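Encoded as structure tokens, the structure appears first; notes follow it.
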Amino acid sequence: MRQPEAPQASEAEIDGDVFVSPRHLAGRTEVGDPGLEPLLALGWELRHDDLSNVFVTAPDRKVRLGYLPEGEDDGLWRINAYNDLFAPPVWGVCFNDSCPTEFVTAFTTALARAYEQGPDAYLAPPDPGHADRDPFLAVVPLIDRGWQFDRPHHNVFAIRSPDKLACLEFTTGHLNPEAELTTRDARWHLWAGTSAHRPAWYATASTDTPVPLLTAVTECVSDPAPLPRWRQATFSYVKGMASLTPIVAPRRAAPTPLDIQRAASRRPAALPASSVPRWSTTSRPALPGPRR
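Here the sequence shown stands for residues 32 to 323, where the numbers follow my numbering.
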């Protein structure tokens, strides 16, 4: 006889670790380390100021990343690249303080790969005349996963996720180069939520951002796999729209008497209390909110 299905827990009843789906509604993690690791693994210089802002610089000084929890606005991650150390950036990317950290990590991982290939990779601007630099390539992962184009509005082309709660906008025509680096008036504008004016999170990329770096982000954003989060930290997903599934750790088999005997034979006679490793599933304190 078929057993009746167990009643599903409501969102309010779910606690602890959860999977959030779709992933563009997951919100940030409270730790930025994963976004820094691909660049630090290449030996990039790490420094910080007395406000706990973090700065990572490439060995040739031509790429710089700022992780700015105490910055002047809500741009938590800012990455700029330079042809000339004394000139304005060639391209710039910004992820705000609510953007899922996995999307930042996808970008920095692609950036690390491009940096190893040399300036022709990490400074190469989009070019429809080159098969591997056509800006349309950045949109292909979204199309392949069911995102659909909206009707163009003025000079903006937009493609939306199936649930209509994430959007990538591409603006045509001339843009102010300085505004692209310091505001949301950039060539590429990726956001999630119910409104572009008050998004749950956003990311921007200026005109000459290399296509493989953009594609890494759209691949990650549209990945159907959910993202793990601590339930109490899912403050930035769109309320009632994300699917939360409890993460259940696999049950471990009870140790056999032989297992216990082997463990006892390897254990020192006594361990000082300070040597006992401790851990917690709780998140680090939340970063300061935007000042804007």
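Even glycine gets a Cβ: it sits at the ideal position worked out from N, Cα and C.
Please read these numbers as outputs of a predicted model, since none were measured by experiment.
Original post:
How about leucine 199 and valine 170: are their beta carbons less than 8 Å apart?
Top reply: yes
Original post:
So, using beta-carbon positions, are serine 237 and tryptophan 122 closer together than 8 Å?
Top reply: yes
Original post:
Looking only at C-alpha atoms, which of Glu103, Pro120, Ala197, Asp64 sits nearest to methionine 272?
Top reply: Ala197
Original post:
Is the distance from the Cβ of phenylalanine 86 to the Cβ of leucine 244 below 8 Å?
Top reply: no
**OP:** Verify whether the separation of the beta carbon atoms of aspartate 165 and valine 242 is less than 8 Å.
**Re:** yes
Original post:
Roughly how many whole angstroms lie between the Cα atoms of proline 172 and valine 279?
Top reply: 31 Å
Original post:
Would a C-beta distance cut-off of 8 Å place arginine 54 and proline 257 closer than the cut-off?
Top reply: yes
Subject >> Rounded distance between the beta-carbons of tryptophan 178 and glycine 58, thought under 8 Å >> reply: Incorrect: roughly 20 Å between the Cβ atoms, too far for contact.
Subject >> Distance, tyrosine 113 Cα to proline 119 Cα >> reply: 7 Å
Original post:
Within 10 angstroms of its Cβ, does cysteine 201 collect 16 or more other Cβ (buried), or is it exposed?
Top reply: Here the sequence assigns phenylalanine to residue 201, which means cysteine is not the residue at that position. Under this definition phenylalanine 201 is a buried residue.
**OP:** Going by DSSP, name the residue or residues bridged to histidine 220.
**Re:** Glu200, Thr235
Subject >> Status (buried if at least 16 other CB within 10 Å, exposed otherwise) for alanine 162 >> reply: exposed
Original post:
Which residues in the same chain as leucine 77 place their Cβ atom closer than 8 Å to its Cβ, once the five residues preceding and following it in sequence are excluded?
Top reply: Leu67, Leu71, Val85, Phe86, Val87
Original post:
Excluding the five sequence neighbours on either side, which residues of its own chain have a C-beta within less than 7 Å of the C-beta of threonine 132, listed in chain order?
Top reply: Arg59, Thr60, Gly63, Pro65, Gly66
**OP:** Quick one: residues in its chain with C-beta nearer than 8 Å to the C-beta of serine 41, no 5 flanking neighbours on either side, listed in chain order?
**Re:** Residue placement at serine 41 is poorly supported in this model, since its pLDDT is 45, which falls under 50; the coordinates still yield a value, given next. Nothing meets the Cβ criterion.
Subject >> Nearest-angstrom Cα separation, counted from proline 255 out to phenylalanine 117 >> reply: 42 Å
Original post:
Taking the alpha-carbon positions, what's the aspartate 115 to aspartate 48 distance?
Top reply: 46 Å
Subject >> Length at least 3, wholly inside the region 43-130: the beta strand (DSSP E) runs in chain order >> reply: 48-52, 76-79, 85-88, 94-98, 106-112, 122-127
Subject >> Strand pairing of valine 187, partner residues [DSSP] >> reply: His184, Thr202
Original post:
The beta strand (DSSP E) with proline 277 in it runs from where to where?
Top reply: 274-277
**OP:** Would you mind stating whether alanine 143 and alanine 152 have Cβ atoms separated by less than 8 Å?
**Re:** no
**OP:** Could you check the C-alpha separation between threonine 203 and tryptophan 219 for me, to the nearest Å?
**Re:** 10 Å
Subject >> C-beta atoms of cysteine 125 and threonine 240 nearer than 8 Å >> reply: no
Original post:
How far does the beta strand (DSSP E) with arginine 260 in it reach, from first residue to last?
Top reply: 258-261
**OP:** Output yes or no for whether 8 Å exceeds the beta carbon distance between serine 4 and serine 274.
**Re:** The structure shown has nothing for residue 4, since the chain only spans 32 to 323.
**OP:** Quick one: measure Cβ to Cβ for threonine 246 and leucine 154, integer angstroms, because I've assumed they're closer than 8 Å.
**Re:** Threonine 246 to leucine 154, Cβ: 16 Å. No contact.
**OP:** Assign phenylalanine 21 to one of two classes, buried (16 or more other C-beta atoms within 10 Å of its C-beta) or exposed (fewer than that).
**Re:** Lying before the first or after the last residue shown, residue 21 is absent from the chain, which here runs from 32 to 323.
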